[in-house]
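Enquirer:
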Amino acid sequence: MAASSPAVRRRAPARSRLWTRLGLAGLAAIAVVLVLPLFFAGSKNRLAEGTRIGGIDVGGLTAAQAKSQLTTQAARLSTVPVTFSAGGRRFELTAKQLGVVADWGAAVDSAMRNGGGIGIVRGYRRLSLELFPKDLMPPTKAYDAGLDYKLQVIAHAVNAPARDAKLVRRGLRITIAGGSAGHTLDRALARDEIVRALASFSRAPVSLPVSVAAPRTTIASLTAAQRRASLVVSAPVRVTVGEMTLRIPRWRLATILDLDTVRFSGSAADRYFARLEKQVDRPAKDAGFAVASDKIAVTPAEPGLELDIPRAAAAVLAAASRPTNRVTRLPLAVVQPKRSTAAAQAMGITGVVGTYETIYGGDPNRIHNVQLVAHLVDDKLIAPGTTFSFNGTTGERSADKGFLEAPVIVNGELQTGLGGGVCQVSTTVFNAAFEAGLPITARTNHALYISHYPLGRDATVNYPDIDLKFVNDTGHWLLLRTFVGSSSLVVTLYGTPAHRRVESTAQPLRHVAAPPVQKTVDATLKPGQVVVDDPGVPAQATSVERKVYAPDGKLLSDATWYSSYRAEPKIVRVGPKKTKPKKPPATTTVEPAPRLPH
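Numbering-wise (this note's numbering), the sequence shown opens with residue 67 and increments by one.
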């Protein structure tokens, strides 16, 4: 075997020493890793050094000691307020007010777990806490209803919308009022901040989160508008409208100028131009019909003039926006009538189709109602083929329309009611349509017979259920006119005369039932004596047949209207019944007892 060289022999001890050194270093490192944590492990029954809960150093204390210290401190601070600020306002709140309670026991238990475990594990955990200390916050709870209420109070005091800069008028000067930023409390974040602050041991002031909104309109953005508005009110404006010339003074221009738009708009401008409109407007006049001596003629239509308010306001603003030559003419629009002369002539209203007159009287209220309802149906135009409705034309007869209390038949009895006298007009209208030969589709007789109307040709109405209706079957328009005199009412239907011939036959009024008797006893009469105060009226009935013929003799219609009238009671007073004389009561004589000797 060959002998090793000297160089090889020298390298072998060197490697051996290196491995030895590495082994020793590894053992030292292992020793450090195993021994050092044990140095920091401390007692497992005490909190690690440097442990902080809610900002309080509780390191080295037992769990019971830490819980006692923290609970005592929290109780002492529960009534000490924390000042919260938001939007420039300050609010003082306490933990006790809002029921904010921290679970210090849970925090201590968590801290014990963070620094606990078997020796070497505990050492490592506590070494970590030494190097990276933590401040534990306990879990907390609060009285939600109370916290929500306080947040609502704070928000009400803090929240404010951004206020834009705007133009304002001070007398005849237009200036700019600056705006301000808006503030809104972030209630969700504020809730967390309040609970966290009240649960802690710090009583330092706390700022609550508030969002700020800048105004959209600034002073700089209104500078041009302020110059325009100032020019508008700098001098009067002179306007010509129709044949009128008006001067609009500065103060009027200032009051009707809307500073938000720098235009003449808004309620004040509307009222001003509405008054101006009344001064200059000339309403259009529809073609109408004039009656003279039973002849009817068309009165021609006339166009009207109307102030064009939007254009007028723009014209005045244009003049007011000029430093000189502040004059303008306001535009008038021509308004055409709704019914032209040609349209009225084409309606064919040339003569009388049917007419009737009734005599009226009674108390002043009844006469007033007759005249009032006659005016409501007057000048009523009825198109070909349409139905005239008395109730539909007059509407409800109410006190608001001016109707008064007057005698009226209600449920078959004569009483006083609102609108008494209306049936005088409905009866007259019915008879005018009757004489015109028009189809009558709704008619009701009065409950009681009224002798001063044609037999069987009365017509009562009651809004809205009892109506009078007839149809215009002439093929042309009809015009209903009423002529109210001092004691008579005439209703005439004008149109294209059809020259119909109307024949009517009324059946005699017949009795269908005797009047009921209302008997009362009158002690002032003799027994058996009878006095008739009112003979009453029996129930009666009649009918009217109407035949309508064309000019060539052709029968156009044959209709019959039946009327039944209620009875009016016979009023009778009778004497009381005879009374039989009473027999005197029987008497008994009693002999006195004999006196006995003493």
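Heads up, the beta-carbon is just placed ideally off N, CA and C, and yes, glycines get one too.
Being a predicted model, the structure only gives us computed values, none of them experimental.
Which residues in the same chain as Phe549 place their Cβ atom closer than 6 Å to its Cβ, once the five residues preceding and following it in sequence are excluded?
Expert: Correct list, in chain order: Val556.
Enquirer: If Leu164 and Leu255 are in contact, beta carbons under 8 Å, what's the gap, nearest whole angstrom?
Expert: The pair is not a contact, with the Cβ atoms about 16 Å apart (cut-off 8 Å).
Enquirer: Residues bridged to Leu233 by DSSP?
Expert: Ile242, per the DSSP bridge assignment.
Enquirer: Between the beta-carbon of Ala399 and the beta-carbon of Arg392, is there less than 8 Å?
Expert: Contact flag unset, no.
Enquirer: Trp543 by DSSP, collapsed to three states: which one?
Expert: If DSSP states are grouped into helix, strand and coil, Trp543 belongs with coil.
Enquirer: Could you check whether Glu158 and Thr149 sit closer than 8 Å to each other, using their CB atoms as the reference points?
Expert: Result yes, Cβ atoms of Thr149 and Glu158 sit closer than 8 Å.
Enquirer: Which ranges would you report for the alpha helix (DSSP H) in the stretch 439-515 if only whole runs of at least 4 residues count?
Expert: Those alpha helix (DSSP H) runs which fall completely within the stretch 439-515 and span 4+ residues are 456-460 and 488-502.
Enquirer: Should Pro403 go down as buried or exposed, given a rule of 16 or more other Cβ atoms within 10 Å for buried?
Expert: Pro403 should be labelled buried.
Enquirer: With DSSP collapsed to three states, give me the class of Ser300.
Expert: Ser300: coil per DSSP, three-state reduction.
Enquirer: Could you check where the beta strand (DSSP E) with Ser266 kicks off and where it finishes?
Expert: Where Ser266 is concerned, there is no enclosing beta strand (DSSP E), given that its DSSP letter is neither H nor E.
Enquirer: Hey, Ala498 and Thr590 are a contact pair by Cβ (cut 8 Å); roughly how many whole angstroms apart?
Expert: About 52 Å separates the two Cβ atoms, so there is no contact after all.
Enquirer: Thinking C-beta only, is Pro574 closer than 8 Å to Ala633?
Expert: Cβ distance not < 8 Å, so Ala633 and Pro574 don't count as in contact.
Enquirer: Below 8 Å CB to CB, which residues in the same chain sit around Ser623 once its five sequence neighbours on both sides are set aside?
Expert: Excluding residues within five positions, the ones whose Cβ falls inside 8 Å are Gly503, Pro505, Arg612, Lys613 and Val614.
Enquirer: Within a Cβ cutoff of 6 Å, which residues of the same chain sit near Thr321, ignoring the five residues on either side of it in sequence?
Expert: Closer than 6 Å at the Cβ level, and outside the excluded window around Thr321, lie Ala334.
Enquirer: Ignore the nearest five residues each way along the sequence and tell me which others in Arg567's own chain have a CB closer than 7 Å to its CB.
Expert: Result list for Arg567: Tyr615, in chain order.
Enquirer: Which term fits Ala472, buried or exposed, when burial requires 16 or more other beta carbons within 10 angstroms of its beta carbon?
Expert: Burial call: buried.
Enquirer: Identify whether Tyr338 lies in helix, strand or coil by the three-state DSSP scheme.
Expert: Note: Tyr338 maps to helix in three-state DSSP.
Enquirer: Determine, using beta carbons only, whether Ile119 and Ala177 come nearer to each other than 8 Å.
Expert: Yes, the Cβ-Cβ distance between Ile119 and Ala177 is below 8 Å.
Enquirer: Any idea if Met310 is buried or exposed, counting beta-carbon neighbours within 10 angstroms, 16 or more meaning buried?
Expert: Answer is exposed; the Cβ neighbour count stays below 16.
Enquirer: How far does the beta strand (DSSP E) with His249 in it extend, from its first residue to its last?
Expert: Run containing His249: Gly248 to Leu251, per the beta strand (DSSP E) assignment.
Enquirer: Taking only runs that begin and end inside the stretch 353-379, name each unbroken beta strand (DSSP E) of 3 or more residues, in chain order.
Expert: The stretch 353-379 contains these whole beta strand (DSSP E) runs: 354-358, 361-365 and 370-373.
Enquirer: Are there 16 or more other CB atoms within 10 angstroms of the CB of Tyr215, so buried, or fewer, so exposed?
Expert: Exposed is the call here.
Enquirer: Taking the alpha-carbon positions, what's the Val346 to Ala228 distance?
Expert: Answer to the nearest angstrom: the Cα atoms are 45 Å apart.
Enquirer: Keeping to the same chain, check which residues put their C-beta closer than 7 Å to that of Lys37; ignore five residues upstream and five downstream.
Expert: Outside the modelled stretch of the chain, which goes from 67 to 664, sits residue 37, for which no answer is possible.
Enquirer: How big is the Cα-Cα spacing for Leu534 and Phe454?
Expert: Roughly 8 Å separates the two Cα atoms.
Enquirer: When you compare each of Ala380, Ile425, Val357 and His441 to Gly417 by their alpha carbons, which one comes out closest?
Expert: Answer by Cα proximity: Val357.
Enquirer: Based on Cα-Cα distance, which residue from Ser553, Val276, Ser296 and Thr510 lies nearest to Ala226?
Expert: Ranking the options by Cα distance to Ala226, first place goes to Val276.
Enquirer: Given that a residue counts as buried once 16 or more other Cβ atoms are within 10 Å of its Cβ, and exposed if not, what is Trp543?
Expert: It is buried - the Cβ of Trp543 has at least 16 other Cβ atoms within 10 Å.
Enquirer: Can you look up Gly561 in the DSSP assignment and give me helix, strand or coil?
Expert: Here Gly561 sits in strand by DSSP.
Enquirer: Can you grab the Cα-Cα spacing for the pair Pro563 / Val419, in whole Å?
Expert: C-alpha separation (whole angstroms): 5 Å.
Enquirer: If we call anything under 8 Å between Cβ atoms a contact, is Tyr631 one with Ser609?
Expert: No, Cβ-Cβ distance for Tyr631 and Ser609 is not below 8 Å.
Enquirer: To the nearest angstrom, report how far apart Val303 and Arg318 are at their CA atoms.
Expert: Distance between the alpha carbons of Val303 and Arg318 is about 10 Å.
Enquirer: On the DSSP bridge assignment, give the partners of Gln606 in chain order.
Expert: Gln606 is bridged to His577 and Tyr631.
Enquirer: How big is the Cα-Cα spacing for Thr507 and His434?
Expert: Looking at the two C-alpha atoms, the distance is approximately 29 Å.
Enquirer: Would you kindly report the start and end of the unbroken beta strand (DSSP E) that includes Gly420?
Expert: Per DSSP, Gly420 belongs to the beta strand (DSSP E) from Gly417 to Ile425.
Enquirer: Cutting at 6 Å between CB atoms, please list the residues of its own chain near Val578, excluding the five before and the five after it.
Expert: The answer, listed in chain order, is Ala605 and Ala607.
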